[in-house]
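Q: Note that the UniProt record's numbering has the sequence shown beginning at 1, numbered continuously upward. Ideal Cβ positions, reconstructed from N, Cα and C, are used throughout, including at glycine. Remember, predicted model here, so these are calculated numbers, not experimental data. Structure below; questions to follow.
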Amino acid sequence: MTKVLSIARYNLVRMFRERANLFFVLVFPLLIIFVIGTQFAGDDTPDVGVSGTGELVDQSIERLEDTGAADVRRVDTASQLRDLVEDGTVSLGVVVPDDAGAVLGTGEPLELTVLLGAGDAAAQLEGVVVRAFEAEAVVPDVAGRLVPEVEAPADEVMSIVAQVAAEMPSVEINRAVAGGGDPDDEPFGIDQIAVGMLLLMTFLNSLTGAAALIQSRKYGISRRMLSTPTSLRAIVVGEGAGRWSVGMFQAVYIMVATAVIFGVSWGNIPGAIVVLALFAAVAAGAAMLVGAVMHNDEQASGVTVMVGLGLGALGGSMLPLDLFGATMRTVAHVTPHAWANDAFAELSRRDGTLLDILPQLGVLAAFAVVLIGLASWRLRLTLTRA
Numbered sequence: 001m002t003k004v005l006s007i008a009r010y011n012l013v014r015m016f017r018e019r020a021n022l023f024f025v026l027v028f029p030l031l032i033i034f035v036i037g038t039q040f041a042g043d044d045t046p047d048v049g050v051s052g053t054g055e056l057v058d059q060s061i062e063r064l065e066d067t068g069a070a071d072v073r074r075v076d077t078a079s080q081l082r083d084l085v086e087d088g089t090v091s092l093g094v095v096v097p098d099d100a101g102a103v104l105g106t107g108e109p110l111e112l113t114v115l116l117g118a119g120d121a122a123a124q125l126e127g128v129v130v131r132a133f134e135a136e137a138v139v140p141d142v143a144g145r146l147v148p149e150v151e152a153p154a155d156e157v158m159s160i161v162a163q164v165a166a167e168m169p170s171v172e173i174n175r176a177v178a179g180g181g182d183p184d185d186e187p188f189g190i191d192q193i194a195v196g197m198l199l200l201m202t203f204l205n206s207l208t209g210a211a212a213l214i215q216s217r218k219y220g221i222s223r224r225m226l227s228t229p230t231s232l233r234a235i236v237v238g239e240g241a242g243r244w245s246v247g248m249f250q251a252v253y254i255m256v257a258t259a260v261i262f263g264v265s266w267g268n269i270p271g272a273i274v275v276l277a278l279f280a281a282v283a284a285g286a287a288m289l290v291g292a293v294m295h296n297d298e299q300a301s302g303v304t305v306m307v308g309l310g311l312g313a314l315g316g317s318m319l320p321l322d323l324f325g326a327t328m329r330t331v332a333h334v335t336p337h338a339w340a341n342d343a344f345a346e347l348s349r350r351d352g353t354l355l356d357i358l359p360q361l362g363v364l365a366a367f368a369v370v371l372i373g374l375a376s377w378r379l380r381l382t383l384t385r386a
């Protein structure tokens with residue numbers, strides 16, 4: 001076991017001796033997560049401008065903001081609001097007359113001016129915005145119509161109508177996703193980008209260890225180890241443990257760094273660690289297999305980059321699986337990345353536990369057993385021939 005750990009430690013130290021690896025392991029993943037995550041997770045809530053003053057305006061703005069459909073921006077004059085809509089600063093504008101309260105108090109209809117922008121957002125927002133103002137106009141409008149019909153002061157009628165309106169039963173809406181999940185979950189936020197990048201970089205950087213394995217054979221390091229009282233089993237296990245340690249370091253580093261810097265939630269931590277351990281084992285098996293089969297380290301470097309990027313793209317590490325069609329999602333699951341993505345989605349987005357991801361863990365374990373088994377068999381043959 002001491003020799004196995006020594007070989008594994010040597011591989012981990014060897015990775016950090018190359019300064020280029022420091023950038024690709026420590027800086028590059030976080031940089032990509034920040035750039036892509038900011039793009040997908042940016043605030044896409046459209047802006048709505050409102051010109052006017054009074055209680056109706058204040059209450060309508062509050063109601064509109066509570067819907068979460070838009071951010072409201074107050075504008076002093078109608079002309080300023082029109083300029084903001086024309087240049088695209090706000091998607092839609094509402095001009096409320098200064099005498100809106102007085103008009104509603106007389107029971108007469110209130111005329112609002114809605115300024116529509118050029119984008120699709122304006123048409124989508126129009127109904128929400130108009131309904132917000134209509135809802136807040138109900139009480140003063142009803143009170144204004146009742147005042148001429150009853151012998152009571154306008155303030156008293158307004159108070160009674162407002163009280164009745166407040167006591168009327170409201171409609172409660174329960175939002176749910178038909179296929180399960182949280183309807184308020186952000187499918188393309190920085191959390192999902194971080195998961196994809198973690199899997200991509202863990203697999204990719206582990207695969208690059210294939211070149212180091214080829215160099216060890218090429219320069220006779222493996223042959224010299226065999227000439228010592230070191231068994232072939234210890235060498236094979238040590239080389240595998242070295243690739244696994246590289247993958248686990250990369251994965252744990254990205255997990256901790258993104259949690260601290262970007263506030264990424266990884267859900268159930270014990271479950272996440274198990275997923276990482278199995279995925280790193282899959283990557284280690286792939287790296288050992290490439291290193292045992294190929295004889296040219298430069299050629300192996302090119303192949304591992306193409307394979308790593310290709311599997312990552314197909315498995316949903318570059319583009320979230322939510323954007324894949326049904327057929328492509330099925331095809332994506334020929335890769336370990338897709339199963340690991342599913343596991344992390346269950347843990348972080350649906351508050352799953354270790355028991356909830358047992359199917360995904362089983363598939364990842366099968367990938368690891370097959371790849372490590374093939375790699376060990378091939379590496380034994382290669383080292384024996386050397």
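Is it right to say serine 79 is buried, meaning 16 or more other beta carbons lie within 10 angstroms of its own, or is it exposed?
A: exposed
Q: Leaving out five residues on either side along the sequence, give the residues of the same chain with a beta carbon under 6 Å from the beta carbon of glutamate 346.
A: Gly352, Asp356, Ile357
Q: Out of Ala123, Val128, Val138, state which residue places its alpha-carbon closest to the alpha-carbon of glutamate 108.
A: Val138
Q: For a quick check, are the C-beta atoms of serine 60 and alanine 121 less than 7 Å apart?
A: At a Cβ-Cβ threshold of 7 Å, serine 60 and alanine 121 do not count as neighbours.
Q: Going by DSSP, what residue range makes up the alpha helix (DSSP H) through arginine 349?
A: 336–349
Q: Use the C-beta contact count for leucine 379: other C-beta atoms within 10 angstroms, 16 or more gives buried, fewer gives exposed.
A: buried
Q: How about valine 57 and valine 114: are their beta carbons less than 7 Å apart?
A: no
Q: Can you tell me which of Thr67, Asp66, Ala69, Val85 puts its alpha carbon nearest to the alpha carbon of valine 75?
A: Comparing Cα positions, the closest option is Val85.
Q: Verify whether the separation of the beta carbon atoms of aspartate 47 and aspartate 83 is less than 7 Å.
A: Not in contact: aspartate 47 and aspartate 83 (Cβ atoms no closer than 7 Å).
Q: According to DSSP, is valine 114 helix, strand or coil?
A: strand
Q: Grouping DSSP H, G and I as helix and E and B as strand, with all else coil, what is aspartate 58?
A: Note: aspartate 58 maps to helix in three-state DSSP.
Q: Measuring only from the beta carbon, is glutamate 298 closer than 6 Å to any heavy atom that is part of the ligand MG?
A: Absent from the structure shown: the ligand MG. Ligands present: none.
Q: Pair every Cβ in the segment 274–283 with every Cβ in the segment 355–374, then say whether three or more of these pairs are closer than 8 Å.
A: yes
Q: Using a Cβ-Cβ cut-off of 7 Å (strictly less than) and excluding sequence neighbours within five positions of serine 265, which residues of its own chain qualify?
A: Asp191, Ser348
Q: Hey, quick one: how far does the alpha helix (DSSP H) through glycine 105 stretch, first residue to last?
A: 100–105
Q: Tell me which residue opens and which closes the beta strand (DSSP E) that serine 51 is part of.
A: 47–51
Q: Measuring alpha carbon to alpha carbon, tell me which of Val50, Ile193, Phe203, Thr106 ends up nearest glycine 263.
A: Out of Val50, Ile193, Phe203, Thr106, Ile193 has the C-alpha closest to the C-alpha of glycine 263.
Q: Given this structure, state the Cα-to-Cα distance separating arginine 73 from aspartate 66, to the nearest angstrom.
A: Between the alpha carbons of arginine 73 and aspartate 66 lies a gap of roughly 14 Å.
Q: Going by DSSP, what residue range makes up the alpha helix (DSSP H) through glycine 285?
A: 269–293
Q: May I have the straight-line CA-CA distance separating glycine 373 from arginine 243, to the nearest angstrom?
A: Cα to Cα, the separation comes out at about 15 Å.
Q: Would you give the residue range spanned by the beta strand (DSSP E) that leucine 92 belongs to?
A: It spans 92–95 - the beta strand (DSSP E) in which leucine 92 sits, taken as one unbroken run.
Q: Rounded to whole angstroms, what's the CA-CA distance from leucine 199 to valine 128? Just pull it up for me.
A: Cα to Cα, leucine 199 sits roughly 41 Å from valine 128.
Q: Would you kindly report the start and end of the unbroken alpha helix (DSSP H) that includes valine 195?
A: 190–207
Q: Any idea if leucine 92 is buried or exposed, counting beta-carbon neighbours within 10 angstroms, 16 or more meaning buried?
A: Label assigned to leucine 92: buried.
Q: My understanding is that leucine 30 touches alanine 259, with C-beta atoms under 8 Å, so please give their C-beta distance in whole angstroms.
A: Going by Cβ atoms, the distance from leucine 30 to alanine 259 rounds to 12 Å, so no, they are not a contact pair.
Q: Give a yes or no on whether the C-beta atoms belonging to proline 153 and leucine 104 are separated by under 7 Å.
A: no
Q: Aspartate 83 lies in the alpha helix (DSSP H); which residues open and close that run?
A: The continuous alpha helix (DSSP H) containing aspartate 83 extends over residues 78–86.
Q: Determine which residues share a DSSP beta bridge with valine 75 and list them.
A: Ser51
Q: Which of helix, strand or coil does DSSP assign to methionine 328?
A: helix
Q: Candidates Thr335, Val94, Ile261, Thr208: which alpha carbon is nearest valine 27's?
A: Ile261
Q: Tell me, to the nearest whole angstrom, how far the beta carbon of alanine 343 is from that of glutamine 360; I am working on the premise that it is less than 8 Å.
A: 4 Å
Q: Out of Glu136, Leu354, Ala300, state which residue places its alpha-carbon closest to the alpha-carbon of residue 396.
A: Outside the shown range of the chain, which is 1 to 386, sits residue 396, and nothing can be said about it.
Q: Taking 7 Å as the cut-off, decide whether the C-beta atoms of alanine 287 and leucine 207 are in contact.
A: yes
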